[in-house]
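Okay, structure first, notes after.
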Amino acid sequence: MPMTDELMACFKERFGSEGDIRVYFAPGRVNLIGEHTDYNGGHVFPCALSMGNYGVARKRNDKTVRWYNMTYPDDGVITADITNLAPEDNGLWYDYQLGVLWAFMQKGYEIPCGYDMVMVSDMPAGAGLSASASIEELAAVMARDLFSLDVTMSDCALIGQYSENNFNGMNCGIMDQFASAMGKKDNAIFLDTETLDYEYVPLNLKHEKIVITNSGVKHTLAGSAYNERRRQSEAALRDLQAVTDIKTLGDLSENEFENFADAIKDPVNKKRAKHAVSENARTIKAVSALRNGEMAAFGKLMSESHVSLRDDYEVSCSEIDILVEEAWKIDGVIGSRITGGGFGGCTVSIVKNEAIDDFKDRIGRIYKEKTGLEAQFYIADAADGARRLL
Ligand code: GLA
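In structure tokens form, the structure reads like this:
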């Protein structure tokens with residue numbers, strides 16, 4: 079039975095079959111290049127995935143929300159009163175739903191009533207593929223439709239980011255919510271995170287596929303370490319602003335950075351800024367390589383991105399480094415890097431079609447030998463963003 083049929087059946091069983099019941103989906107994302115640039119005023123290049131979170135919902139006549147998540151059946155039915163929402167995060171899936179309702183209300187939108195909802199996910203959580211942004215954008219697209227809110231999908235991305243920053247205490251940038259809200263089938267999104275100008279870039283991969291490898295290492299420390307990276311980048315920016323007129327690290331070319339870098343007092347902060355500047359430059363170059371069909375150049379930039387994230391931004395970990403370094407050794411792997419916030423999660427690789435089986439066999443075997451862990455593989459399918467399905 080397709081996922082939405084199963085979800086609908088579960089909804090009707092739990093909450094009854096009467097009334098206007100609607101179905102929504104919001105995807106996760108994979109970032110091809112442009113990591114830790116989105117809160118530094120740089121560019122990112124993610125695509126939405128065909129995996130994500132599904133939800134079936136119906137409005138209620140009171141101010142209560144009831145959720146049941148088929149992915150977490152042990153949590154049972156979660157109930158909340160939307161008249162009394164306050165920022166609180168227990169790291170649980172419904173905190174991302176609550177946060178978005180709260181964010182809409184903070185921004186002055188009327189949420190006139192509650193709703194009943196059943197959700198299910200077909201993507202891994204805590205794996206750097208933005209399961210949380212997918213839950214946020216599911217909440218946003220659903221509220222927009224159920225309550226006829228006058229918001230665009232890019233507003234929905236900003237609401238999701240606002241809620242994650244202020245309700246869930248994670249100072250993320252805009253990339254994940256933007257990719258989930260704005261994804262387009264067969265395209266990646268070249269987004270300037272400073273202006274939110276964006277272009278869809280067709281992936282047009284004829285001879286290769288995007289392969290995601292899940293290390294199975296959950297990025298539980300990511301919240302605090304992520305916020306720390308953000309503080310370090312901001313401190314570097316302040317030092318640079320004393321010597322040059324810039325708004326963000328994304329304003330600097332690599333040459334300009336070299337000229338001013340000595341203004342950054344702390345050597346760790348200097349490495350963080352070096353990554354942010356060089357990664358932004360790599361992202362711009364990678365998009366133009368892709369547009370010109372220069373896949374080898376694109377892949378090389380991805381691999382350089384990994385080295386920078388490992389050595390200068392220090393957001394990789396030994397398990398991820400094994401996956402990436404083994405991938406680099408395989409003929410037919412064009413590029414491979416860590417993707418997402420880091421400290422575990424997934425890698426993204428561009429692999430020639432004929433090498434994919436070998437890639438999975440070899441990486442799976444060596445990873446198991448070296449770490450005792452099972453790697454999971456997914457072929458990424460660039461897909462449309464958050465939407466109502468039925
Ligand atoms: C997480 C954040 C994003 C972005 C990435 C790193 O996924 O939510 O905003 O900063 O890490 O590129």
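Residue numbers (the numbering used here): 79 to 468.
Cβ coordinates follow ideal geometry from the N, Cα and C atoms, glycine included.
Computed from a predicted model, the values in this text were never measured in an experiment.
Consult DSSP for residue i and reduce its assignment to one of helix, strand or coil.
i    : result
R138 : coil
C191 : coil
A476 : Beyond the ends of the chain as shown, which are 79 and 468, falls residue 476; an answer cannot be given.
N282 : coil
A359 : helix
K448 : helix
K287 : strand
F225 : coil
C424 : strand
I398 : helix
D98  : coil
S208 : coil
T417 : strand
I252 : coil
N337 : helix
I237 : helix
V321 : coil
N168 : coil
Y117 : coil
F245 : coil
I441 : helix
V393 : coil
Y456 : strand
I213 : helix
G292 : Correcting the residue identity first, residue 292 is Asn in this sequence and not Gly. Strand, per DSSP.
T82  : helix
S331 : coil
N305 : helix
T230 : coil
E372 : coil
M260 : helix
D200 : coil
K343 : coil
G186 : coil
Which residue or residues does DSSP assign as beta-bridge partners of residue i?
i    : result
C125 : V108
W180 : W180 pairs with nothing; no bridge assigned.
K430 : E286
W145 : I156, M195
E277 : F268
G130 : P105
R466 : Y102
V411 : V429
Rounded to whole angstroms, how far is the Cβ of residue i from the Cβ of residue j, which I believe are closer than 8 Å?
i    : j    : result
G294 : A158 : Not quite, the Cβ-Cβ distance comes to about 32 Å (not below 8 Å), so this is no contact.
S427 : G413 : 7 Å
V134 : M86  : 6 Å
M253 : P124 : 6 Å
I111 : T361 : 5 Å
L327 : G119 : 6 Å
I290 : Y456 : 4 Å
R138 : G94  : Their Cβ separation, rounded to whole angstroms, is 11 Å, which puts R138 and G94 out of contact at 8 Å.
R465 : F103 : 6 Å
L468 : R100 : 7 Å
M201 : M148 : Their Cβ separation, rounded to whole angstroms, is 13 Å, which puts M201 and M148 out of contact at 8 Å.
V122 : T417 : 11 Å between Cβ atoms; not a contact.
D83  : R136 : Not really, about 17 Å apart at Cβ, beyond 8 Å.
A217 : L179 : 7 Å
L318 : A341 : 6 Å
Go through its chain and collect everything with a Cβ distance to residue i's Cβ below 6 Å, but skip five positions before and after it.
i    : result
G301 : M248
N347 : Q310, A313, A314
Y174 : S210, I213, E214
Y146 : R92, V155, V196
E404 : I441, I444
M373 : I412
V229 : R222
T322 : F338
Grab me the residues of residue i's own chain with a C-beta within less than 8 Å of its C-beta, minus the 5 sequence neighbours each way, in chain order.
i    : result
A433 : I408, D409, G410, V411
D462 : P105, A126, G261, K262, K263
Y240 : A181, Q184, K185
A359 : S331, E332
R350 : R307, Q310, S311, A314, D390, Y391
K448 : I400
Sorted by chain position, which residues of the same chain lie with C-beta nearer than 7 Å to residue i's C-beta, five sequence neighbours on each side aside?
i    : result
H297 : G204, G206, G419, G420, F421, G422, G423
L330 : I324, V355
S386 : H353, S356, E357
W171 : N147, Y150, I213
D459 : L127, S128
K343 : D317
Give a single yes or no on whether residue i has its beta carbon closer than 7 Å to a heavy atom of the ligand GDP.
i    : result
M253 : Here the bound small molecules are the ligand GLA; the ligand GDP is not part of this structure.
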